[in-house]
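Asker:
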């Protein structure tokens, strides 16, 4: 069987208990070497066969899985963060379906959660934003025109931009075509939860300068929105006057 496992955002102790146990049991591990913290591989048995998918094609990854299945071995496919975000996981699952190889998925903590923790921020603040847009700039991998950064920025919602730290000049320009202003707060979070984590806050107009001055051009998330400011409304849930299914509101 193949287990797709989310490795979490970087810190080895942020993998789930289930994910850690699957790594301990695995006969074969295929990990996203460009992004997964190699410290997680210390959970593997000494006789576990470990493959770095950063140097492999989809066909090579599938060949390792198929060979392991043929001899009755258990494989863990270790993806960064949570496999459901930019993990190219669907194509692997579809191929395993065609091959008749069973698989499971163990979720992980995404880096956008790790970035919020690093910033001590909440994406969904009352009176500010109740939506989170997770997107990326178009590069060698295209993005549908209806999902361009400029189009999504029109909402003014909390936004997290993956895989775009190397295109900050273009990204800043696209964000400013929407509802954000030059004063809208923004942040760069480099390697959230890793030992070398770096957090840089700035107004949106200074995003490019901040990336240049702090030498951040990859492995970083860009966050933008008024959720990063100090203004918001108190939550209704904990308002003394608000009635819930568990508590009667008091005037």
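Residue numbers (our numbering): 3 to 253. Ideal Cβ positions, reconstructed from N, Cα and C, are used throughout, including at glycine. Just so we're clear, the structure is a prediction, and the values are computed from it rather than from any experiment.
Identify the continuous alpha helix (DSSP H) that holds residue 204 and give its terminal residues.
Answerer: The residue given as residue 204 occupies position 202 in the chain shown. Note, residue 204: premise wrong, no alpha helix (DSSP H); beta strand (DSSP E) at 200-205.
Asker: Measuring only the C-alpha atoms, how far is residue 162 from residue 78?
Answerer: In the chain shown, counting from the first residue as 1, residue 162 sits at position 160. In the chain shown, counting from the first residue as 1, residue 78 sits at position 76. Approximately 28 Å between the Cα atoms of the pair.
Asker: So, for residue 104: in the same chain, excluding its five sequence neighbours on each side, which residues have a beta-carbon less than 7 Å away from its beta-carbon?
Answerer: For the purposes of this step, residue 104 is taken as residue 102 along the chain shown, with counting starting at 1. Only 3 meet the Cβ criterion.
Asker: Who are the near neighbours of residue 152 in its chain, counting only those whose CB is closer than 8 Å to its CB and skipping five residues on each side?
Answerer: Stepping through the chain shown from its first residue, residue 152 is reached at position 150. Around residue 152: 176, 177, 179 and 180.
Asker: Would you give the residue range spanned by the alpha helix (DSSP H) that residue 113 belongs to?
Answerer: Against the chain shown, residue 113 aligns to sequence position 111. Note, residue 113: alpha helix (DSSP H), 113-121.
Asker: Kindly list the residues whose CB is nearer than 6 Å to the CB of residue 53, restricted to its own chain and excluding five residues on each side of it in sequence; keep chain order.
Answerer: In the chain shown, counting from the first residue as 1, residue 53 sits at position 51. Here the set comprises 32 and 66.
Asker: Is it the case that the Cβ atoms of residue 265 and residue 229 are separated by a distance below 8 Å?
Answerer: Any property of residue 265 remains undetermined from this structure, which presents the chain solely from 3 to 253.
Asker: In terms of residue numbering, what span does the alpha helix (DSSP H) encompassing residue 153 cover?
Answerer: Residue 153 sits at position 151 when you count from the first residue of the chain shown. Taken as a continuous stretch (DSSP letters only), the alpha helix (DSSP H) holding residue 153 covers 151-155.
Asker: Less than 8 Å separating the beta-carbons of residue 93 and residue 45?
Answerer: On the chain shown, position 91 is the one that residue 93 refers to. On the chain shown, position 43 is the one that residue 45 refers to. Cβ distance not < 8 Å, so residue 93 and residue 45 don't count as in contact.
Asker: Let me know the alpha helix (DSSP H) ranges lying completely inside the region 218-248, each 4 residues or longer, listed in chain order.
Answerer: Listed in chain order, there is nothing to give.
Asker: Would residue 202 and residue 189 be called neighbours here (beta carbons separated by less than 8 Å)?
Answerer: Position 200 of the chain shown, counted from the start, is the residue given in the question as residue 202. Position 187 of the chain shown, counted from the start, is the residue given in the question as residue 189. Yes, they are a contact pair.
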